[in-house]
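Numbering (mature numbering (1 follows the signal peptide of the UniProt record, and there is no 0)), first residue to last: -23 to -1, 1 to 139. Beta carbons: idealized from backbone N, C-alpha and C, even for Gly.
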Amino acid sequence: MRMNRVLAAAVAAIAAVGFQAQAAEKDIVDTAVEAGQFRTLATALDAAGLVSTLKEPGPFTVFAPTDAAFAKLPAGTVEDLLKPENKEQLIDILTYHVIRGKVMAADVVGVDEAKAVNGKMIDVEVEGSSVKVNDANVTGTDIAASNGVIHVIDRVILPPKR
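Rendered as structure tokens:
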């Protein structure tokens, strides 16, 4: 029953985001760019030099913050992170949104945490039909790409300090 509610929420979220079935023919970067709501993420990936990495075969799972999620950060944060002198910090933040392997929404039931590409752990919380990664709500799931899957989140998640 709980799994059915998670899957139903996932289907509804995908429909609400408006992705088409043909997205699976495109990689994660092209799928996100085509969606139109991840412009800030695409800009940040480019500034960090990570576009080519997310075009590799993978597979990858990306928790993708929307433009609205980036807008929730304190004023000037994004602009500062995009500066060349802050590239390492930007890479650390962006790679905290990526997991190696293809993790679908149905796979997170019973999972408490996941290891991000940057080596740090992301907390995962499933309650009913809602899923959170750290303090971000997952608002869209299982968006297929040729090299993995995208899950949409409503906040930028920040890695713990070392």
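Assignment of beta strand (DSSP E) within the region 37 to 97, counting only whole runs of 3 or more residues, yields 37 to 42, 75 to 77, 90 to 92 in chain order.
The C-alpha of His74 is placed about 21 Å away from the C-alpha of Glu104. Annotated three-state conformation of Lys32 is helix, per DSSP.
It is roughly 13 Å from the alpha-carbon of Asp57 to the alpha-carbon of Phe47. Here Asp89 is exposed, its C-beta having fewer than 16 other C-beta atoms within 10 Å. Distance from the Cα of Ala41 is smallest, within the candidate group Ser106, Val133, Ala82, for Val133.
Taking each of Thr118, Thr54, Leu67 in turn and checking the Cα distance to Met81, the smallest one comes out for Thr118. Secondary structure of Ile5 (DSSP, three-state): helix.
Counted as a single uninterrupted DSSP element, the beta strand (DSSP E) harbouring Asp119 occupies residues 113 to 122. Excluding residues up to 5 positions away in sequence, Ala93, Val94, Asn95 lie with their Cβ nearer than 7 Å to the Cβ of Thr72 in the same chain. Excluding sequence positions up to five before and after Lys64, its CB lies within less than 8 Å of the CB of Ala24, Ala25, Gly26, all in the same chain and listed in chain order.
Of the residues assessed, Val6 falls on the buried side of the cut-off, its CB having 16 or more other CB atoms within 10 angstroms. Leaving aside the five residues that flank Gly78 on each side, the residues in its chain whose CB is nearer than 7 Å to its CB run, in chain order, Pro36, Thr38.
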